[in-house]
Amino acid sequence: MAYELCDKIKNLTPYEPNETHYRIRLDANESYFSLPDFLREKICDALTNTDLNRYPDPLAKDLTEAFGKRFGVSPKLVTAGNGSDELISIITSTFLEKGERLLTFAPDFSMYQFYGSLYEAKTVTLEKKDLHIDVDEAIAYIQKNNIRMVIFSNPCNPTSIGLSKEETKRLIASVDALVVLDEAYMDFWDRKESLLDVVDQFDNLIILRTCSKAVGAAALRLGFAVANPTITNALRAVKSPYNVNTISQIMGSCILNEGEYLNACEDAIKESVRALYQMVKPLEGKVLQKIHLGVTNFLFIKTDKAKEIFKALLQESISIRCFDGYLRITAGTKEENEALTEALSNIVRKMEETYA
Numbered sequence: 275m276a277y278e279l280c281d282k283i284k285n286l287t288p289y290e291p292n293e294t295h296y297r298i299r300l301d302a303n304e305s306y307f308s309l310p311d312f313l314r315e316k317i318c319d320a321l322t323n324t325d326l327n328r329y330p331d332p333l334a335k336d337l338t339e340a341f342g343k344r345f346g347v348s349p350k351l352v353t354a355g356n357g358s359d360e361l362i363s364i365i366t367s368t369f370l371e372k373g374e375r376l377l378t379f380a381p382d383f384s385m386y387q388f389y390g391s392l393y394e395a396k397t398v399t400l401e402k403k404d405l406h407i408d409v410d411e412a413i414a415y416i417q418k419n420n421i422r423m424v425i426f427s428n429p430c431n432p433t434s435i436g437l438s439k440e441e442t443k444r445l446i447a448s449v450d451a452l453v454v455l456d457e458a459y460m461d462f463w464d465r466k467e468s469l470l471d472v473v474d475q476f477d478n479l480i481i482l483r484t485c486s487k488a489v490g491a492a493a494l495r496l497g498f499a500v501a502n503p504t505i506t507n508a509l510r511a512v513k514s515p516y517n518v519n520t521i522s523q524i525m526g527s528c529i530l531n532e533g534e535y536l537n538a539c540e541d542a543i544k545e546s547v548r549a550l551y552q553m554v555k556p557l558e559g560k561v562l563q564k565i566h567l568g569v570t571n572f573l574f575i576k577t578d579k580a581k582e583i584f585k586a587l588l589q590e591s592i593s594i595r596c597f598d599g600y601l602r603i604t605a606g607t608k609e610e611n612e613a614l615t616e617a618l619s620n621i622v623r624k625m626e627e628t629y630a
């Protein structure tokens, strides 16, 4: 008898990156800053005497210390991962047992549901109200339905909307479930809205952070989980011993230690997304029904013509992200924003002519 894949994976298809070259890429919410020469030189110097024949530091001590210094948390509460994706995978596979309930919200980052299903949790989803989490509804649902884990992004990808610190704390404090709070885009909002400064006050909270967005180091695949000592100890116990390679640890430490540079990048990206909003806001109307300026580095646009606009922009060699009924556009350089606006304006104008 021939071997057959198990049911939960036999119909899955591998992730296929978009390998087409586009002159403008505004689809992945990456930083548009490449590392400056002075930082590249520091990284090269740090890598010069690296012993590649030795395994990496399993606790990524220098990296977690640099993270702690940058964000004002104790390194003892930080677990480094091979991107936030690995940490989400670890958390859903080890903090949940088969059949236990995982709550997600919609719309939100799709990988939460994927990993929950892959590890045989019972994944349930609450629809947001006008793109916002209804905290009272969420608390009641969690309490009544034996939810074991809740995971959501704040600010949200893809909506760009943030849930206030006080409301987030109220949700966490009102439930017994483990709350996994993905703060990947918090650097673009207001650090006062982050829960990093109170993470050790909760026995049911894990905060996720990443180097792939504001830090501008998506290629390194560095993520961080921050939690109280009990949860941190469990995370370090269940992760692969050498999950973050030495090169990424060294490079990530160098970048995170450059606070002044990172602050300047954050300020510039925030200004870029505001500028992009002002440029495309006049297009709001019959085709682009609502343009959301949230608290991230991208715009979220409601439109019945999402697929058509997406394909038309590809014809202009401009790549954005398309959802069912929505578009997500990352803020880029001044030149990229202007080119995107010009192309989008032409597309929208032609579509509006059909309504006349």
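Using the numbering used here, the first residue of the sequence shown is number 275, and each one after it goes up by one. Ideal Cβ placement from N, Cα and C applies to all residues, glycine included. Only a predicted model underlies this, so the values are computations on that prediction, with no experimental measurement involved.
query = Among the residues of its own chain, which have a CB less than 6 Å from the CB of Glu-558, if the five just before and after it don't count?
reply = Answer for Glu-558: Ile-565, listed in chain order.
Cβ neighbour criterion (16 or more within 10 Å) applied to Pro-432 = When all chains shown are included, Pro-432 counts as buried.
inquiry  = Just to confirm the assignment, what range does the beta strand (DSSP E) spanning Lys-403 have?
reply    = Membership of Lys-403 in any beta strand (DSSP E) is not indicated, and neither H nor E is assigned to it by DSSP.
query = Can we say the segment 482 to 496 touches the segment 451 to 470, given the rule of at least three CB pairs closer than 8 Å?
reply = They touch, by the three-pair rule.
query = Does DSSP put Leu-550 in a helix, in a strand, or in coil?
reply = The answer is helix: DSSP assigns Leu-550 an H, G or I state.
task = Answer with buried or exposed for Phe-341, where buried requires no fewer than 16 other C-beta atoms within 10 angstroms of its C-beta.
result = Counting every other CB atom within 10 Å of its CB across the protein chains shown gives Phe-341 a total of 16 or more, marking it as buried.
query = Exposed or buried, Gln-523, counting other C-beta atoms within 10 Å across all chains shown (16 or more means buried)?
reply = With 16 or more other Cβ atoms inside 10 Å of its own Cβ, Gln-523 counts as buried.
request  = Use the C-beta contact count for Asp-281: other C-beta atoms within 10 angstroms, 16 or more gives buried, fewer gives exposed.
outcome  = Counting Cβ neighbours within 10 Å, Asp-281 comes out exposed, since fewer than 16 surround it.
inquiry  = Determine whether the beta carbon atoms of Val-454 and Ile-416 lie at a separation below 7 Å.
reply    = No, the pair does not count as a contact, with Cβ atoms beyond the cut-off.
request  = Apply the 10 Å Cβ neighbour rule to Lys-402 and answer buried if 16 or more other Cβ atoms are within range, or exposed otherwise.
outcome  = With 16 or more Cβ atoms within 10 Å of its Cβ, Lys-402 is classed as buried.
query = Using CA coordinates, which residue listed in Asn-611, Lys-372 and Gly-526 is at the minimum distance from Ile-543?
reply = Closest by alpha carbon: Asn-611.
query = Using a Cβ-Cβ cut-off of 6 Å (strictly less than) and excluding sequence neighbours within five positions of Asp-632, which residues of its own chain qualify?
reply = Residue 632 falls outside the range modelled here, since the chain spans only 275 to 630, and no answer is possible.
task = Return the Cβ separation of Ile-362 and Tyr-389 in integer angstroms, given the expectation that the two are a contact with Cβ distance under 8 Å.
result = Confirmed, Cβ separation roughly 5 Å.
task = May I have a chain-ordered list of the alpha helix (DSSP H) segments no shorter than 4 residues that lie completely inside the segment 568 to 607?
result = Those alpha helix (DSSP H) runs which fall completely within the segment 568 to 607 and span 4+ residues are 580 to 589.
Candidates Ser-593, Pro-349, Ile-521 and Cys-539, of which the one nearest Asn-327 by Cα = From the listed residues Ser-593, Pro-349, Ile-521 and Cys-539, the smallest Cα separation to Asn-327 is found for Ile-521.
request  = For the segment 466 to 511, list the beta strand (DSSP E) runs that are entirely contained and at least 3 residues long, ordered along the chain.
outcome  = Counting whole runs of 3 or more residues, the segment 466 to 511 contains the beta strand (DSSP E) stretches 479 to 484 and 497 to 501.
ask   = Among residues of its own chain, excluding the 5 on either side of Lys-335, which ones have a beta-carbon nearer than 8 Å to its beta-carbon?
value = So the list reads Pro-349, once near-sequence residues are dropped.
inquiry  = What does the alpha-carbon distance come out to for the pair Phe-312 and Val-500?
reply    = Those two C-alpha atoms are separated by around 30 Å.
inquiry  = Taking the straight line between their C-alpha atoms, what separation do you get for Phe-476 and Asn-620?
reply    = Those two C-alpha atoms are separated by around 51 Å.
ask   = Which partner residues of Met-423 appear in the DSSP bridge assignment?
value = Residue pairing by DSSP puts Met-423 in a beta bridge opposite Leu-376 and Leu-452.
ask   = Taking the beta strand (DSSP E) that Gly-357 falls in, what are its first and last residues?
value = From DSSP, Gly-357 is part of no beta strand (DSSP E) but of the alpha helix (DSSP H) over 357 to 368.
request  = Assess, as a yes-or-no matter, whether the segment 576 to 583 is touched by the segment 432 to 449 under the definition of 3 or more beta carbon pairs within less than 8 Å.
outcome  = No, the segment 432 to 449 is not in contact with the segment 576 to 583.
query = Smallest Cα separation from Ala-354: which of Thr-570, Leu-550, Ala-511 and Val-569?
reply = Considering only alpha carbons, the answer is Ala-511.
message = Quick test of your reading: Ile-592 and Leu-614, contact by CB under 8 Å. State the CB separation rounded to the nearest angstrom.
response = Going by Cβ atoms, the distance from Ile-592 to Leu-614 rounds to 6 Å, so yes, they are a contact pair.
query = Secondary structure at Lys-622, three-state DSSP: helix, strand or coil?
reply = One point to set straight first is that residue 622 is Val, not Lys, in the sequence displayed. Looking at Val-622 - three-state DSSP - the assignment turns out to be helix.
Euclidean distance between Cα positions of Cys-485 and Leu-470 = Distance between the alpha carbons of Cys-485 and Leu-470: 16 Å.
ask   = If you drop the 5 nearest sequence neighbours on each side, which residues of the same chain put their C-beta closer than 7 Å to that of Gly-533?
value = Hits under 7 Å: Arg-344.
request  = Check the C-beta distance from Ile-421 over to Ala-395 and give it rounded, since I have them as a contact under 8 Å.
outcome  = Incorrect: roughly 10 Å between the Cβ atoms, too far for contact.
ask   = Whose C-beta lies closer than 7 Å to the C-beta of Asn-517 among residues of the same chain, with five residues either side of it excluded?
value = Excluding the 5 residues flanking it on each side, Asn-517 has same chain C-beta neighbours closer than 7 Å at Gly-355, Asn-356 and Glu-360, in chain order.
key: Local Cβ density within 10 Å of Tyr-289, reported as buried at 16 or more and exposed below that   = Flag for Tyr-289 reads exposed.
inquiry  = Would Ile-435 and Leu-405 qualify as a contact pair, given that the criterion is a beta-carbon distance under 7 Å?
reply    = Contact: yes.
request  = Taking only heavy atoms of the ligand FMN into account, decide whether any of them is closer than 6 Å to the Cβ of Gly-606.
outcome  = Questions concerning the ligand FMN fall outside what the structure shown contains, since it holds no ligand whatsoever.
ask   = Can you tell which of Glu-590, Asn-285, Thr-604 and Val-472 has the C-alpha that lies nearest to the C-alpha of Leu-618?
value = Looking at the Cα atoms, Glu-590 is the closest of the given residues.
query = DSSP on Glu-394, reduced to helix/strand/coil?
reply = Coil, per DSSP.
ask   = In terms of DSSP beta bridges, what is Arg-299 paired with?
value = Arg-299 has Ser-593 as its beta-bridge partners, per DSSP.
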